[in-house]
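I have placed the structure first, in the form of structure tokens, so that the comments after it can refer back to it.
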Amino acid sequence: MRSHRFTMASREMSERKNDPAVFHKLYGTKQPRAVYYKRDFLDYALMLVLSALVVGGSYGFGHVLSMAGLALCAFALAMFITRHGIALGVPLILRRPQDVLYMFVYKLRNLKPVYLVALGLLLLENVLIAATPGLPHYADQLRTVALYLFYIHLISLTGYRTAILIAHLAKKELVREILMQTPWKRVIGQKTNITLEIVHAYCTGLLTHIILIAPWYLVIRHAKFSVLFLPVVCVINIIVHMKWMKAINGWFYRDHWLGHNSEVEFVFLHGSHHDAIPSAMIAVLAGEVEGSWAMRWRVELFFLLVKLQSRWPLVPRISFAPVKSAPAGG
Ligand SMILES: [Zn+2]
151 MRSHRFTMAS REMSERKNDP AVFHKLYGTK QPRAVYYKRD FLDYALMLVL SALVVGGSYG
211 FGHVLSMAGL ALCAFALAMF ITRHGIALGV PLILRRPQDV LYMFVYKLRN LKPVYLVALG
271 LLLLENVLIA ATPGLPHYAD QLRTVALYLF YIHLISLTGY RTAILIAHLA KKELVREILM
331 QTPWKRVIGQ KTNITLEIVH AYCTGLLTHI ILIAPWYLVI RHAKFSVLFL PVVCVINIIV
391 HMKWMKAING WFYRDHWLGH NSEVEFVFLH GSHHDAIPSA MIAVLAGEVE GSWAMRWRVE
451 LFFLLVKLQS RWPLVPRISF APVKSAPAGG
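Residue 378 in the working numbering is what sits at position 228 of the sequence shown, and the numbering runs on without skipping anything.
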């Protein structure tokens, strides 16, 4: 009885935690989106201008990554015109300026407590370094090490991307054939320039990667790290990271839902991801086009786990069913 009550209570708690009124909350109008249309042209162009400014502002306007970012933005604009065309009208951002404000509110409200812990730790370390200028912190040397790690990360992933690019270009007709057997057949036909689609996907990956790691670069450039605090900070950061890995599912679900249901979020933050053919980092479930055995057994294992989970709860089940006491989400 006691354990039954406990199960009921924990189920109620988990349902409240996964309440659709929270996960599917919108202040503006709901507008499901999954593809770009030519009427998005002006908003898309503005998105690229903002992206170029973010890249330039983060890395510095003379930096090689800023130049690369600018070139990639120009390429993305040319690709949009080639692939979707141009239709001029009042941009979404002027029709629904309040949605831009809501976007910031969504991002802030979706922040997990563990994010604030990480931020607090960074601030604390910097306050301690500033308060003890006499101690040998070796902050400059640590910054150099951090920059090396940053560039090693970027160069190795770009190398991996480039290997994927070359492999896809080498078998481009196979890429076309496979995509034509998927929902991509609405976009990819016999006449589609598949080389351009593959290069476009590669460039989308490069640009979004440069933007994704801009905050990391800013932290390295503007925050200080002390060799004295390093052992303690490393241990705490590993714990923080493990906590973050637990929080990320809820964060991602909410953020991705917004990316497809708030039009401003789709056009400015998420659309470019769906605009490119699936050819790179998210191959496992998003369409590794060659269907190699190495990929297939992982996918089969995943589906087996999904089947087992539907029969026996291997991990706690998440319910998105409406909660009776809460008002309907909208
Ligand atoms: Zn999506």
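Glycine included, every Cβ here is placed at the ideal spot set by N, Cα and C.
- Output yes or no for whether 8 Å exceeds the beta carbon distance between L271 and I398. no
- Among A289, P333, N343 and H350, which one has its Cα closest to the Cα of L315? H350
- Cut-off 6 Å between Cβ atoms - residues of its own chain near M229, not counting five sequence neighbours on either side: H350
- Message: Pairs of beta-carbons, one from the stretch 390-407 and one from the stretch 374-381, closer than 8 Å: are there three or more?
- Response: no
- Message: Can you confirm whether N411, when its beta carbon is compared against all beta carbons of chain B, has any partner nearer than 8 Å?
- Response: The structure shown has no chain B; it contains just one protein chain.
- Would DSSP call S460 helix, strand or coil? helix
- Query: Is there contact between the stretch 453-461 and the stretch 216-230, where contact requires at least three CB pairs shorter than 8 Å?
  - Reply: no
- Return the CA-CA distance between L176 and H406, expressed in angstroms with no decimal places. 13 Å
- Do you know whose CA, among D169, R448, N411 and K262, lies nearest A184's CA? N411
- Is H424 near ligand 1, going by C-beta to nearest heavy atom under 7 Å? yes
- Give a yes or no on whether the C-beta atoms belonging to K262 and W447 are separated by under 8 Å. no
- Query: Counting pairs of beta carbons, one from the stretch 338-352 and one from the stretch 303-322, are three or more of them closer than 8 Å?
  - Reply: yes
- Say the cut is 7 Å; is the CB of G409 nearer than that to a heavy atom of ligand 1? yes
- If F300 and I370 are in contact, beta carbons under 8 Å, what's the gap, nearest whole angstrom? 6 Å
- Reduced DSSP category for T282 - H, G, I as helix; E, B as strand; rest coil: coil
- Query: So, I305 versus L215, is the Cβ gap smaller than 8 Å?
  - Reply: no
- Task: Please confirm whether G339 and Y186 have their CB atoms less than 8 Å apart.
- Result: no
- Query: Roughly how far, in whole angstroms, is the beta-carbon of D249 from the beta-carbon of V414, given that I think they are within contact range, below 8 Å?
  - Reply: 4 Å
- Expressed to the nearest angstrom, what Euclidean distance is found between the alpha-carbon atoms of T332 and Q459? 27 Å
- 7 Å Cβ shell around I276 - same chain, five flanking residues per side excluded: Residue identity differs from the one stated: residue 276 is Asn in this sequence, not Ile. Within the same chain, N276 has close Cβ partners A373 and K374.
- Got a sec, what are the start and stop residues for the alpha helix (DSSP H) D249 sits in? P247 to R259
- Task: Could you have a look at I338 and say whether DSSP puts it in helix, strand or coil?
- Result: coil
- Between H174 and ligand 1, is the CB less than 7 Å from at least one heavy atom? no
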